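In our numbering, the protein residues as written are 5 to 123. Here is the structure we will look at.
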(Lines of atoms letter the chains of each structure in order from A and count residues from 1; the text may use other names and numbers.)
(Lines give C-alpha, C1' and ligand atoms only; values in the text may rest on other atoms or scores of the structure.)
Protein backbone atom coordinates (compact mmCIF):
# COMPACT_ATOMS: atom_id res chain seq x y z
CA UNK A 1 0.00 0.00 0.00
CA UNK A 2 1.07 3.54 -0.50
CA UNK A 3 1.41 5.82 2.50
CA UNK A 4 -2.39 6.18 2.88
CA UNK A 5 -4.06 4.90 6.03
CA UNK A 6 -7.60 3.56 6.11
CA UNK A 7 -10.22 5.04 8.37
CA UNK A 8 -11.25 2.21 10.70
CA UNK A 9 -14.82 3.34 11.35
CA UNK A 10 -17.79 1.27 10.25
CA UNK A 11 -21.25 2.64 9.62
CA UNK A 12 -24.26 0.82 11.12
CA UNK A 13 -25.05 -0.68 7.71
CA UNK A 14 -21.50 -1.98 7.35
CA UNK A 15 -21.65 -3.51 10.83
CA UNK A 16 -24.94 -5.22 9.92
CA UNK A 17 -23.49 -6.58 6.67
CA UNK A 18 -20.38 -7.80 8.49
CA UNK A 19 -22.57 -9.56 11.05
CA UNK A 20 -24.67 -11.18 8.32
CA UNK A 21 -21.57 -12.40 6.52
CA UNK A 22 -20.33 -13.96 9.77
CA UNK A 23 -23.72 -15.58 10.36
CA UNK A 24 -24.00 -17.16 6.90
CA UNK A 25 -22.03 -20.31 7.81
CA UNK A 26 -24.13 -20.67 10.96
CA UNK A 27 -27.33 -20.34 8.95
CA UNK A 28 -26.31 -23.25 6.73
CA UNK A 29 -26.15 -25.47 9.83
CA UNK A 30 -29.48 -24.22 11.19
CA UNK A 31 -31.30 -24.37 7.86
CA UNK A 32 -29.92 -27.58 6.41
CA UNK A 33 -28.54 -29.35 9.45
CA UNK A 34 -31.84 -30.81 10.62
CA UNK A 35 -32.57 -32.35 7.22
CA UNK A 36 -29.04 -33.73 6.96
CA UNK A 37 -29.28 -35.36 10.38
CA UNK A 38 -32.61 -36.97 9.46
CA UNK A 39 -31.35 -38.23 6.11
CA UNK A 40 -27.81 -39.31 6.97
CA UNK A 41 -28.10 -40.30 10.62
CA UNK A 42 -25.37 -40.16 13.22
CA UNK A 43 -22.56 -40.05 10.66
CA UNK A 44 -23.75 -36.55 9.81
CA UNK A 45 -22.99 -35.43 13.36
CA UNK A 46 -19.40 -36.60 12.90
CA UNK A 47 -19.29 -34.74 9.60
CA UNK A 48 -20.47 -31.57 11.38
CA UNK A 49 -17.71 -32.00 13.96
CA UNK A 50 -15.12 -32.53 11.22
CA UNK A 51 -16.45 -29.45 9.45
CA UNK A 52 -16.12 -27.47 12.67
CA UNK A 53 -12.51 -28.54 13.04
CA UNK A 54 -11.83 -27.59 9.42
CA UNK A 55 -13.52 -24.20 9.97
CA UNK A 56 -11.42 -23.61 13.09
CA UNK A 57 -8.24 -24.38 11.14
CA UNK A 58 -9.33 -22.01 8.37
CA UNK A 59 -9.99 -19.31 10.97
CA UNK A 60 -6.46 -19.76 12.31
CA UNK A 61 -5.12 -19.60 8.76
CA UNK A 62 -6.99 -16.36 8.08
CA UNK A 63 -5.76 -14.93 11.40
CA UNK A 64 -2.15 -15.68 10.48
CA UNK A 65 -2.64 -14.31 6.98
CA UNK A 66 -4.26 -11.12 8.29
CA UNK A 67 -1.50 -10.56 10.83
CA UNK A 68 1.20 -11.10 8.20
CA UNK A 69 -0.50 -8.85 5.60
CA UNK A 70 -2.77 -6.35 7.38
CA UNK A 71 -5.15 -4.55 5.08
CA UNK A 72 -8.83 -4.08 4.47
CA UNK A 73 -10.83 -6.27 2.15
CA UNK A 74 -10.68 -9.79 3.51
CA UNK A 75 -9.26 -12.69 1.57
CA UNK A 76 -8.98 -11.17 -1.92
CA UNK A 77 -6.26 -8.56 -1.18
CA UNK A 78 -4.25 -11.12 0.75
CA UNK A 79 -4.48 -13.64 -2.10
CA UNK A 80 -3.63 -10.91 -4.61
CA UNK A 81 -0.54 -9.97 -2.65
CA UNK A 82 0.60 -13.56 -2.14
CA UNK A 83 -0.38 -15.19 -5.45
CA UNK A 84 -0.86 -12.33 -7.89
CA UNK A 85 -3.77 -11.59 -10.22
CA UNK A 86 -3.39 -14.80 -12.25
CA UNK A 87 -4.58 -16.98 -9.35
CA UNK A 88 -6.76 -14.47 -7.53
CA UNK A 89 -9.09 -13.67 -10.44
CA UNK A 90 -10.41 -17.29 -10.67
CA UNK A 91 -11.28 -17.04 -6.98
CA UNK A 92 -13.57 -14.09 -7.72
CA UNK A 93 -15.12 -15.90 -10.68
CA UNK A 94 -15.79 -18.97 -8.52
CA UNK A 95 -17.51 -16.77 -5.96
CA UNK A 96 -19.74 -15.35 -8.67
CA UNK A 97 -20.76 -18.89 -9.66
CA UNK A 98 -21.60 -20.27 -6.24
CA UNK A 99 -23.26 -17.18 -4.75
CA UNK A 100 -26.54 -17.73 -6.64
CA UNK A 101 -27.24 -21.28 -5.41
CA UNK A 102 -26.16 -20.17 -1.94
CA UNK A 103 -28.65 -17.29 -1.97
CA UNK A 104 -31.39 -19.63 -3.17
CA UNK A 105 -30.61 -22.07 -0.36
CA UNK A 106 -30.80 -19.30 2.25
CA UNK A 107 -34.05 -18.00 0.74
CA UNK A 108 -35.68 -21.42 0.99
CA UNK A 109 -34.50 -21.84 4.56
CA UNK A 110 -35.52 -18.32 5.55
CA UNK A 111 -38.96 -18.96 4.04
CA UNK A 112 -39.57 -21.79 6.47
CA UNK A 113 -38.74 -19.51 9.40
CA UNK A 114 -40.69 -16.56 8.00
CA UNK A 115 -43.77 -18.75 7.53
CA UNK A 116 -43.84 -19.27 11.31
CA UNK A 117 -43.30 -15.59 12.07
CA UNK A 118 -45.79 -14.15 9.58
CA UNK A 119 -49.07 -16.08 9.32
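The beta-carbon is built from N, C-alpha and C at its ideal position, and this holds for glycine as well. None of the values given here were measured: they were computed from a predicted structure.
query                                                                                       : result
Cβ shell of residue 48 (< 6 Å), same chain only, five flanking positions each side left out : 40, 41
Expected contact under 8 Å - CB spacing of residue 83 and residue 92 to nearest Å           : 5 Å
Cα-Cα separation between residue 116 and residue 72, rounded to whole angstroms             : 42 Å
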